[in-house]
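Participant:
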Amino acid sequence: MVSDAEKPETAKRGKYATLLDPALWTYIDRVNAWYPPEMDLPVDQQREIYDAMCRAFHAGYPAGVETSDGAVAGGGHAIPIRRYQLVDKAPQALVVYYHGGGFVLGGLDSHDDICAEICAGTGFAVLSADYRLAPEHLHPAAFDDALAVFEWAAAASGLSIVLCGESAGGNLAAAVAHAARRHPRPAIGQVLIYPELGGDESAGSYVEHAEAPLLTLSDIEFYRQVRSGKAQSPDDPTFSPLRDSDFSGLPPTVVVTAQCDPLSSDGEAYRDRILAAGGRAWWYEEQRLVHSFLRARKTVPRAGEAFIRIVAAIATLGKGDWF
Numbered sequence: 001m002v003s004d005a006e007k008p009e010t011a012k013r014g015k016y017a018t019l020l021d022p023a024l025w026t027y028i029d030r031v032n033a034w035y036p037p038e039m040d041l042p043v044d045q046q047r048e049i050y051d052a053m054c055r056a057f058h059a060g061y062p063a064g065v066e067t068s069d070g071a072v073a074g075g076g077h078a079i080p081i082r083r084y085q086l087v088d089k090a091p092q093a094l095v096v097y098y099h100g101g102g103f104v105l106g107g108l109d110s111h112d113d114i115c116a117e118i119c120a121g122t123g124f125a126v127l128s129a130d131y132r133l134a135p136e137h138l139h140p141a142a143f144d145d146a147l148a149v150f151e152w153a154a155a156a157s158g159l160s161i162v163l164c165g166e167s168a169g170g171n172l173a174a175a176v177a178h179a180a181r182r183h184p185r186p187a188i189g190q191v192l193i194y195p196e197l198g199g200d201e202s203a204g205s206y207v208e209h210a211e212a213p214l215l216t217l218s219d220i221e222f223y224r225q226v227r228s229g230k231a232q233s234p235d236d237p238t239f240s241p242l243r244d245s246d247f248s249g250l251p252p253t254v255v256v257t258a259q260c261d262p263l264s265s266d267g268e269a270y271r272d273r274i275l276a277a278g279g280r281a282w283w284y285e286e287q288r289l290v291h292s293f294l295r296a297r298k299t300v301p302r303a304g305e306a307f308i309r310i311v312a313a314i315a316t317l318g319k320g321d322w323f
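Quick note: the sequence shown uses full-length UniProt numbering, first residue 1, plus one each step.
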């Protein structure tokens, strides 16, 4: 019998061997090389590896981007934030950005270069929120922090706000959009990048891509369990925005997903719910890409092109335009 380790690489990769470009496989292999194969790690070790990996992938800042760190008061604790702005240029809008990492990993540094490039590409200021992580802080801690940062930004800045997040951060951006839709200064748009929204795991991409590279259905379930308490209701829209009963009054929304990602169907379902409620929403499934493709934007042409489209969507919504 041939062991998995001895099988040809294309066989181990299954249907994704030819579906994904060689450049993307190089990225996937580089990410996987950071993690021991088939080994569950404690959360603190996962964080150490993830942070080191993010540093290795950091692409630096575009010219003219400056940053400043601060904190927002949130229910008896401080929420670290980082602001990005172009030197000597007044921004037209503010992007409130929530990083990914399964509600367990990441922080201000993990998506630092991505935020800097969004700033440079749009000319907008970007405010990155370092929300509390599970399992030390179970839901709704991350949501409470995400909402507190939005409310602070709305009060402290006269700029129009675009909510943006990727993966777990897309969940938070959507949850904030739902909770703050009747705020005196609601967001004028939201851009969700391969978000986890609490969709139907028995159909669509959850089934077709349950074993996709870099994110599997079992990974999603693991991080969801780490985030939630024993009494957590799946129908709580601050936990699963797709479970909300009311999709009216949401800002114009762009959802960008990856074809080879269990979460892709969440983007389609979320768009459809907003349209059915009379809102404006667009869903784009980036073909032959996987979850976390933002980090491949410098080395994989497909990912780089998708990132350009994401930045353009943020710029369009921030100017009050639609597609």
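By construction, the Cβ of each residue, glycine as well, lies at the ideal position given by its N, Cα and C atoms. These figures come from a predicted structure and were not determined experimentally.
Which class does residue 127 belong to by DSSP, given the choice of helix, strand or coil?
Facilitator: For the purposes of this step, residue 127 is taken as residue 127 along the sequence shown, with counting starting at 1. It is a strand residue.
Participant: Please confirm if the segment 256 to 276 is in contact with the segment 156 to 164, defined as three or more CB-CB distances below 8 Å between the two stretches.
Facilitator: Taking 8 Å as the limit for Cβ pairs, the verdict is that the segment 156 to 164 does not touch the segment 256 to 276.
Participant: Cα-Cα, which of 13, 149, 24, 14 is closest to residue 303?
Facilitator: The sequence position of residue 303 within the sequence shown is 303, counting from 1. When each option's Cα is compared against that of residue 303, the closest is 24.
Participant: Would you say the segment 245 to 263 touches the segment 142 to 160, given that touching needs at least three Cβ pairs under 8 Å?
Facilitator: No: fewer than three Cβ pairs fall under 8 Å.
Participant: For residue 120, which residues from the same chain have a beta carbon less than 6 Å from its beta carbon, with the 5 sequence-adjacent residues on both sides left out?
Facilitator: For the purposes of this step, residue 120 is taken as residue 120 along the sequence shown, with counting starting at 1. Counting only Cβ-Cβ distances below 6 Å, and skipping sequence neighbours, we find 62, 65.
Participant: What residue range is occupied by the uninterrupted beta strand (DSSP E) comprising residue 97?
Facilitator: Counted from its first residue, the sequence shown places residue 97 at position 97. Residue 97 -> beta strand (DSSP E) spans 93 to 98.
Participant: In whole angstroms, what separates the C-alpha of residue 234 from that of residue 277?
Facilitator: To locate residue 234, count along the sequence shown from 1; it is residue 234. To locate residue 277, count along the sequence shown from 1; it is residue 277. Computed Cα separation, rounded: 22 Å.
Participant: Tell me where the beta strand (DSSP E) around residue 289 begins and ends.
Facilitator: As a position in the sequence shown, residue 289 is number 289, starting the count at 1. Counting along the chain, the beta strand (DSSP E) containing residue 289 begins and ends at 281 to 290.
Participant: Quick check on residue 231: buried or exposed, where buried means 16 or more other Cβ atoms within 10 Å of its Cβ?
Facilitator: The sequence position of residue 231 within the sequence shown is 231, counting from 1. Burial call: exposed.
Participant: By alpha-carbon positions, which one of 146, 136, 197, 139 ends up nearest to residue 130?
Facilitator: The residue labelled residue 130 in the question sits at position 130 within the sequence shown. Closest by alpha carbon: 146.
Participant: Which residue's Cα is closest to the Cα of residue 298: 186, 320, 273, 26?
Facilitator: Residue numbering aside, residue 298 sits at position 298 when the sequence shown is read from its first letter. Checking every option, the nearest Cα to that of residue 298 belongs to 26.
Participant: Sorted by chain position, which residues of the same chain lie with C-beta nearer than 6 Å to residue 53's C-beta, five sequence neighbours on each side aside?
Facilitator: Here residue 53 is taken as the residue at index 53 of the sequence shown, counted from 1. The residues are 34.
Participant: Taking Cβ positions, are residue 21 and residue 288 nearer each other than 9 Å?
Facilitator: Here residue 21 refers to the residue found at position 21 when the sequence shown is read from its first residue. Here residue 288 refers to the residue found at position 288 when the sequence shown is read from its first residue. Against a cut-off of 9 Å, the Cβ pair of residue 288 and residue 21 comes out as a contact.
Participant: Counting only the same chain and skipping the five closest in sequence on each side, list residues whose C-beta sits under 6 Å from that of residue 279.
Facilitator: On the sequence shown, position 279 is the one that residue 279 refers to. The answer, listed in chain order, is 250.
Participant: Report yes if the C-beta distance between residue 293 and residue 306 is below 9 Å; otherwise report no.
Facilitator: The residue labelled residue 293 in the question sits at position 293 within the sequence shown. The residue labelled residue 306 in the question sits at position 306 within the sequence shown. Going by C-beta atoms, residue 293 is nearer than 9 Å to residue 306.
Participant: Is the distance from the Cβ of residue 269 to the Cβ of residue 290 below 9 Å?
Facilitator: The count along the sequence shown starts at 1 and reaches residue 269 at position 269. The count along the sequence shown starts at 1 and reaches residue 290 at position 290. No, these two residues do not count as a Cβ contact at 9 Å.
Participant: Taking the CB atoms as reference points, tell me whether residue 318 and residue 87 lie closer together than 9 Å.
Facilitator: Taking the sequence shown and counting its residues from 1, the one referred to as residue 318 is at position 318. Taking the sequence shown and counting its residues from 1, the one referred to as residue 87 is at position 87. Cβ atoms of residue 318 and residue 87: not closer than 9 Å.
Participant: Taking residue 191 as the reference, give the member of 41, 98, 50 with the closest Cα.
Facilitator: Translated into the one-based positions of the sequence shown, residue 191 becomes position 191. Of the listed residues, the one whose Cα sits closest to residue 191 is 98.
Participant: Thinking just about the alpha-carbon of each residue, which of 225, 72, 301, 109 is nearest to the one in residue 58?
Facilitator: Position 58 of the sequence shown, counting from 1, holds the residue named residue 58. Comparing Cα positions, the closest option is 109.
Participant: Taking residue 123 as the reference, give the member of 219, 89, 82, 137 with the closest Cα.
Facilitator: As a position in the sequence shown, residue 123 is number 123, starting the count at 1. Checked all of 219, 89, 82, 137; the closest Cα to residue 123 is 89.
Participant: Between residue 245 and residue 60, what straight-line distance do the alpha-carbon atoms span, to the nearest angstrom?
Facilitator: Your numbering for residue 245 matches position 245 in the sequence shown. Your numbering for residue 60 matches position 60 in the sequence shown. If you take the alpha carbons of residue 245 and residue 60, they lie about 42 Å apart.
Participant: Check residue 46 in the structure and name its three-state DSSP category.
Facilitator: For the purposes of this step, residue 46 is taken as residue 46 along the sequence shown, with counting starting at 1. Reduced to three states, the DSSP call for residue 46 is helix.
Participant: Where does the unbroken alpha helix (DSSP H) through residue 117 begin, and where does it stop?
Facilitator: Within the sequence shown, numbered from 1, the residue matching residue 117 stands at position 117. Its alpha helix (DSSP H) spans residues 112 to 122.
Participant: Please go through the segment 123 to 171 and give each complete beta strand (DSSP E) segment of 3 or more residues, from N-terminal end onward.
Facilitator: Counting whole runs of 3 or more residues, the segment 123 to 171 contains the beta strand (DSSP E) stretches 125 to 129, 160 to 166.
Participant: Does the distance from the CB of residue 227 to the CB of residue 104 come in under 9 Å?
Facilitator: Taking the first residue of the sequence shown as position 1, residue 227 is located at position 227. Taking the first residue of the sequence shown as position 1, residue 104 is located at position 104. In this structure, residue 104 lies closer than 9 Å to residue 227 by Cβ.
Participant: If you drop the 5 nearest sequence neighbours on each side, which residues of the same chain put their C-beta closer than 7 Å to that of residue 186?
Facilitator: Residue numbering aside, residue 186 sits at position 186 when the sequence shown is read from its first letter. Answer for residue 186: 180, 251, listed in chain order.
Participant: Any idea what DSSP makes of residue 24, helix, strand or coil?
Facilitator: Position 24 of the sequence shown, counting from 1, holds the residue named residue 24. Looking at residue 24 - three-state DSSP - the assignment turns out to be helix.
Participant: Can you tell me the Cα-Cα spacing of residue 83 and residue 127, whole angstroms?
Facilitator: Taking the sequence shown and counting its residues from 1, the one referred to as residue 83 is at position 83. Taking the sequence shown and counting its residues from 1, the one referred to as residue 127 is at position 127. Rounded to the nearest angstrom, the two C-alpha atoms are 5 Å apart.
Participant: On a CA-only basis, which of 194, 139, 102 is nearest residue 328? Give me that one, please.
Facilitator: Residue 328 lies beyond the stretch modelled for the chain, which goes from 1 to 323, so this question has no answer here.
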